[in-house]
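Participant:
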Amino acid sequence: MDSLLNAHAGLIHRAVAAAQAAGDLPTFELPAVEIKPPARAEMGDYAYAGALAVAKLAGMKPLDIAQAIVKHLPAAEFVAGVEAVPPGFINFRLSADWLRAQVDTIITEGDAFGTISLGAGKRAQVEFVSANPTGPLHIGRSRGAIVGDTMARLLEAAGYAVEREYYFNNAGMQMKHLGTSLQIRYLQQLGADVVQPAPDDGTFYQGEYLIDFAKDLIAEVGGAWRDRPWEDFKEYAEKKMFGIIRDTLKRISIEHDVFFNENSLYESGAVWDTLKALEAAGLIYESAVRESEPDDVKAENAHLPPAKWFRSTALGDVEDRVVLKNDGSPTYTLPDIAYHLNKLARGFDLLVNVLGADHDTEHKVVKYGLKALGGDISKIHVIIMQFVRLIRDGKEVKMSTRRGNYETLDDLIDQTSPDAVRYMLLARSANSRLDFDLDLAVKQSSDNPVYYIQYAYVRTAGILREADVRGFSDADADLSLLGGEELAFIKRCLTLGDEIALSTQTFETHRIAFFAQDLANLFHPMYDRVRVFGEGIDDDIARARLRFYKGANVVFRRVLSLMGMSTPDRM
RNA sequence: GCCCCCAUAGCUCAGUGGAUAGAGCGCUGCCCUCCGGAGGCAGAAGCGUAGGUUCGAGUCCUACUGGGGGUACCA
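Here the numbering used here is used: the first residue of the first sequence is 3, the next is one more, and so on.
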């Protein structure tokens, strides 16, 4: 089914064209049609404010335009009434009969309910998490994990074929430190006389997990690795670490389709090809400092070995960027550009990138690079997330990967639940900072909205179970017996398609969390009043309501699974 | 210094240039205890400051104030 917003917008478009053809409206290009629910329910279900916007363009009073549009509006089965009201709004009212009939549509569509055709026939890729395997995932990474996976789920619901990708680098200094740290732990476990670096030594990973790895390694090979080089330990640690990371992600229902190793871009020569291409475009220069620096700064640094700079300012950047360090090795920018060229070459229609706020500048530089090399950056969308701050006892908890005293995602899941973690990290706009209150998340009470939402689903399941026990069927239900409260709930359910469209167009995953909360807020008061079984409720009404709650059950299951949350029948 | 993000109710946050700005928690008072109470009803309370654009601004622009992030040789 098409979204209701689109359906209404279609009516407006046709009406304007018809009014123009009939000479009731002058010819003008209709600007983007915005349909919204009106401010108050009494005004109707959908409202169009376009007549106000085009008044000047058309040279007519807004209300006259609105009336002309209404006059030519084609009939539609979902519309029960339309009126043009001052100062120039057009208000639509949905047909109650049509709404009631949607209960059956919802049940028929089942887990596909809300699916739209926006991305039909298109391929999208979402790249997220992308943490190097130097340690377990921590809270900072988990926000991107949830946002990325939810974005992927929403894109799937929008009709896209979606691939989830994890980009990682297993070379570099940090991985070497991981290898040497495991080597030290291994030798320690064997009782060898090794010096353990001080806690503030940046080259040593203090985390308990490396002691566990060392024990596992001894169980496998005993003391045979005493004289092995650090590279072997690095490889072992990396493999173990990826296993842990994948297990953690799986606990919160995240599985990637592709793991892309940055190193392959060096092996294929793509990194150096990228540099050559930028050089060929005349956008690389060799210098100790930026060429924009004043002469005295240049002179001061003239003795330093030169680096290679990307003249990104030529493409609109605020300053040039180093792409090759003065030791001859690339900065992260070069492989990043090569990686995105690779992604573009794989033929996706949409590339979504989920990054932390610390990468905000970096992704812009990558885009300048792609632009310089003719890449189609309109296909790339980056979600920049502000940081997560952990709060315990009302105070911020400091995190540090290397010292090992940070909160891991696994710890958090253990303390709360996968569902609570998913919801709390989702229910906030990506460009707002997120305070994760550990005390609140640990509390299993209604303070935590995840329970309120899931409880709505549980209640629908409870009704269906009760019907089963009583042997009561909803066969031949007469949906015309449903009341106003049920209709209001159905209306909200039917906006799921619009939510999915908007979320995927604006790349905002928090919307679905608020939608779920809204739905639960409508559900619980209704549940209290609209009962299926009880004194004075006759069988006809009970059948209609049972059918209705069956539909509600489908909707909650769908919404929860879009958020990657579980759907327990009991709590 | 320069660049990016943020500022809405006591707290945490929604809000697509449209009509009387919403929710959760907390607070105050009440109801129910029934398809599993992790429930329901009602109430008090708000757009950082100053300009500008617009028929119309929480939303767009400028400045300011406050908080966060970034600013080659960590990714």
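All C-beta atoms, glycine included, are put in the ideal place defined by N, C-alpha and C. Treat the numbers as computed from the prediction; the structure is a model and nothing was measured.
For a test of the three-state rule: what should DSSP assign to Thr410, helix, strand or coil?
Facilitator: Sequence index remark: in the first sequence, residue 410 carries index 408 (1-based). Three-state result, Thr410: strand.
Participant: What is the DSSP secondary structure of Asn172, counted as helix, strand or coil?
Facilitator: As a first step, residue 172 is located in the first sequence; it is residue number 170 there, counting from the start. Asn172: coil per DSSP, three-state reduction.
Participant: Once DSSP output is grouped into helix, strand and coil, what is the label at Ser255?
Facilitator: Counting from 1 along the first sequence, the entry for residue 255 is found at position 253. DSSP places Ser255 in coil when its eight states are reduced to three.
Participant: On the DSSP letters alone, give me the boundaries of the beta strand (DSSP E) that Val390 sits inside.
Facilitator: Stepping through the first sequence from its first residue, residue 390 is reached at position 388. Residues 390-394.
Participant: Alpha carbon to alpha carbon, what distance is there between Phe170 and Arg2?
Facilitator: With the chain covering 3 to 573 only, the question about residue 2 has no answer from this structure.
Participant: Count the C-beta pairs between the stretch 527-545 and the stretch 150-165 that are closer than 8 Å, then say yes if the count reaches three, no if not.
Facilitator: Contact between the stretch 527-545 and the stretch 150-165 is absent, because fewer than three Cβ pairs lie under 8 Å.
Participant: Which residues in the same chain as Pro138 place their Cβ atom closer than 8 Å to its Cβ, once the five residues preceding and following it in sequence are excluded?
Facilitator: For the purposes of this step, residue 138 is taken as the residue at position 136 of the first sequence. Around Pro138: Gly209, Tyr211, Met243, Ile246, Ile247, Thr250, Thr410, Leu411, Asp412.
Participant: Please list, in chain order, all residues of the same chain as Thr335 whose beta carbon is under 8 Å from its beta carbon, the five residues on each side excluded.
Facilitator: In the first sequence, the residue the question calls residue 335 occupies position 333. Within the same chain, Thr335 has close Cβ partners Phe312, Arg323, Val324, Val325, Glu364, Val367, Val368, Gly371.
Participant: List the DSSP bridge partners of Phe438.
Facilitator: Numbered from its first residue, the first sequence carries residue 438 at position 436. In DSSP, Phe438 forms a bridge with Leu392.
Participant: Below 8 Å on the Cβ atoms is my contact criterion, and I expect Ile213 with Arg187 to pass it. Report the Cβ-Cβ distance as a whole number of Å.
Facilitator: Translated into positions along the first sequence, residue 213 becomes position 211. Translated into positions along the first sequence, residue 187 becomes position 185. Correct: roughly 5 Å between the Cβ atoms.
Participant: DSSP three-state label for Val320, please.
Facilitator: Indexing the first sequence from 1 puts residue 320 at position 318. Residue state, collapsed to three classes: coil.
Participant: Please state whether the Cβ-Cβ distance between Ile415 and Arg253 is less than 7 Å.
Facilitator: As a working mapping, residue 415 is identified with position 413 in the first sequence. As a working mapping, residue 253 is identified with position 251 in the first sequence. Yes, the Cβ-Cβ distance between Ile415 and Arg253 is below 7 Å.
Participant: Under 7 Å between the Cβ atoms of Lys373 and Ile379?
Facilitator: Counting from 1 along the first sequence, the entry for residue 373 is found at position 371. Counting from 1 along the first sequence, the entry for residue 379 is found at position 377. Result yes, Cβ atoms of Lys373 and Ile379 sit closer than 7 Å.
Participant: With 16 as the cutoff for other CB atoms within 10 Å, does Arg394 come out buried or exposed?
Facilitator: As a working note, residue 394 is residue 392 in the first sequence. Classification of Arg394: exposed, given that the 10 Å Cβ count is below 16.
Participant: Start and end of the beta strand (DSSP E) containing Ile382?
Facilitator: Position 380 of the first sequence, counted from the start, is the residue given in the question as residue 382. It spans 382-387 - the beta strand (DSSP E) in which Ile382 sits, taken as one unbroken run.
Participant: Whole angstroms is fine: what's the gap from Val56's alpha carbon to Pro451's?
Facilitator: Looking up residue 56 in the first sequence gives position 54. Looking up residue 451 in the first sequence gives position 449. Taking the straight line from one Cα to the other gives about 42 Å.
Participant: Classify Thr403: buried if its beta carbon has 16 or more other beta carbons within 10 angstroms, exposed otherwise.
Facilitator: Against the first sequence, residue 403 aligns to sequence position 401. Note on Thr403: pLDDT 45, under 50, position unreliable in the model; the coordinate value appears next. Buried, because 16 or more other Cβ atoms sit within 10 Å of the Cβ of Thr403.
Participant: Sorted by chain position, which residues of the same chain lie with C-beta nearer than 7 Å to Gln104's C-beta, five sequence neighbours on each side aside?
Facilitator: The residue labelled residue 104 in the question sits at position 102 within the first sequence. Ile492, Leu496.
Participant: Taking Cβ to Cβ, would you say Arg549 is nearer than 7 Å to Val534?
Facilitator: Along the first sequence, read from residue 1 onward, the residue named residue 549 stands at position 547. Along the first sequence, read from residue 1 onward, the residue named residue 534 stands at position 532. Cβ distance not < 7 Å, so Arg549 and Val534 don't count as in contact.
Participant: Thinking C-alpha only, which one of Gly485, Tyr529, Phe509 is nearest Ile465?
Facilitator: As a working note, residue 465 is residue 463 in the first sequence. Closest by alpha carbon: Tyr529.
Participant: Answer yes if the stretch 86-94 comes into contact with the stretch 38-51, meaning at least three C-beta pairs across the two stretches below 8 Å, and no otherwise.
Facilitator: Yes: at least three Cβ pairs fall under 8 Å.
Participant: My parser needs the alpha helix (DSSP H) runs of 4 or more residues fully inside the stretch 447-511; what are they?
Facilitator: Segments of the alpha helix (DSSP H) lying fully in the stretch 447-511: 451-472, 486-495, 498-508.
Participant: DSSP puts Ile2 in a beta bridge; with which residues?
Facilitator: Because residue 2 is not part of the residues shown, which for the chain are 3 to 573, the question remains open.
Participant: With DSSP as the reference, please indicate the residues paired to Gly287 in a beta bridge.
Facilitator: Start at 1 with the first residue of the first sequence, and residue 287 comes out as number 285. It is worth fixing the name first, because residue 287 is Tyr in this sequence and not Gly. According to DSSP, Tyr287 bridges with Trp311.
Participant: What are the boundary residues of the beta strand (DSSP E) that includes Leu96?
Facilitator: If you number the first sequence from 1, residue 96 lands on position 94. Taken as a continuous stretch (DSSP letters only), the beta strand (DSSP E) holding Leu96 covers 91-96.
Participant: Give every residue of the same chain whose Cβ lies closer than 8 Å to the Cβ of Lys278, excluding the five residues on either side of it in the sequence, and list them in chain order.
Facilitator: Here residue 278 corresponds to residue number 276 of the first sequence, with the count starting at 1. For Lys278, where only same-chain residues beyond five positions count, there are no Cβ hits under 8 Å.
Participant: Glu31 by DSSP, collapsed to three states: which one?
Facilitator: By one-based count along the first sequence, residue 31 stands at place 29. Looking at Glu31 - three-state DSSP - the assignment turns out to be coil, as it is neither helix nor strand.
Participant: Of the choices Asp106, Trp100, Thr569, Met426, whose alpha-carbon is the least far from that of Thr462?
Facilitator: Taking the first residue of the first sequence as position 1, residue 462 is located at position 460. When each option's Cα is compared against that of Thr462, the closest is Thr569.
Participant: State the Cα-Cα distance for the pair Gly318 and Ala283, rounded to the nearest angstrom.
Facilitator: Indexing the first sequence from 1 puts residue 318 at position 316. Indexing the first sequence from 1 puts residue 283 at position 281. So the alpha carbons of these two residues sit roughly 16 Å apart.
Participant: Indicate the three-state DSSP secondary structure (helix, strand or coil) for Leu277 in the structure shown.
Facilitator: Along the first sequence, one-based indexing puts residue 277 at 275. Helix, per DSSP.
Participant: From what residue to what residue does the beta strand (DSSP E) around Arg125 run?
Facilitator: The residue given as residue 125 occupies position 123 in the first sequence. Here the beta strand (DSSP E) through Arg125 covers 125-129.
Participant: At the level of alpha carbons, what is the spacing between Ala239 and Val399?
Facilitator: Counting from one through the first sequence, the residue named residue 239 turns up at place 237. Counting from one through the first sequence, the residue named residue 399 turns up at place 397. About 28 Å.
Participant: Roughly how many whole angstroms lie between the Cα atoms of Gly142 and Val197?
Facilitator: Numbered from 1 along the first sequence, position 140 holds the residue referred to as residue 142. Numbered from 1 along the first sequence, position 195 holds the residue referred to as residue 197. In a straight line, the C-alpha of Gly142 is about 32 Å away from that of Val197.
Participant: Just to confirm before moving on: does the CB-CB distance between Phe389 and Ala359 stay below 7 Å?
Facilitator: Taking the first residue of the first sequence as 1, we reach residue 389 at position 387. Taking the first residue of the first sequence as 1, we reach residue 359 at position 357. Going by C-beta atoms, Phe389 is nearer than 7 Å to Ala359.
Participant: On the criterion of 16 or more Cβ atoms from any shown chain inside 10 Å, does Thr2 qualify as buried, or is it exposed?
Facilitator: With the chain running from 3 to 573 in the structure shown, residue 2 is simply not present.
Participant: Return the residue from the list Asp66, Arg102, Phe261, Trp100 that minimises the CA-CA distance to Glu85.
Facilitator: As a working note, residue 85 is residue 83 in the first sequence. Comparing Cα positions, the closest option is Asp66.
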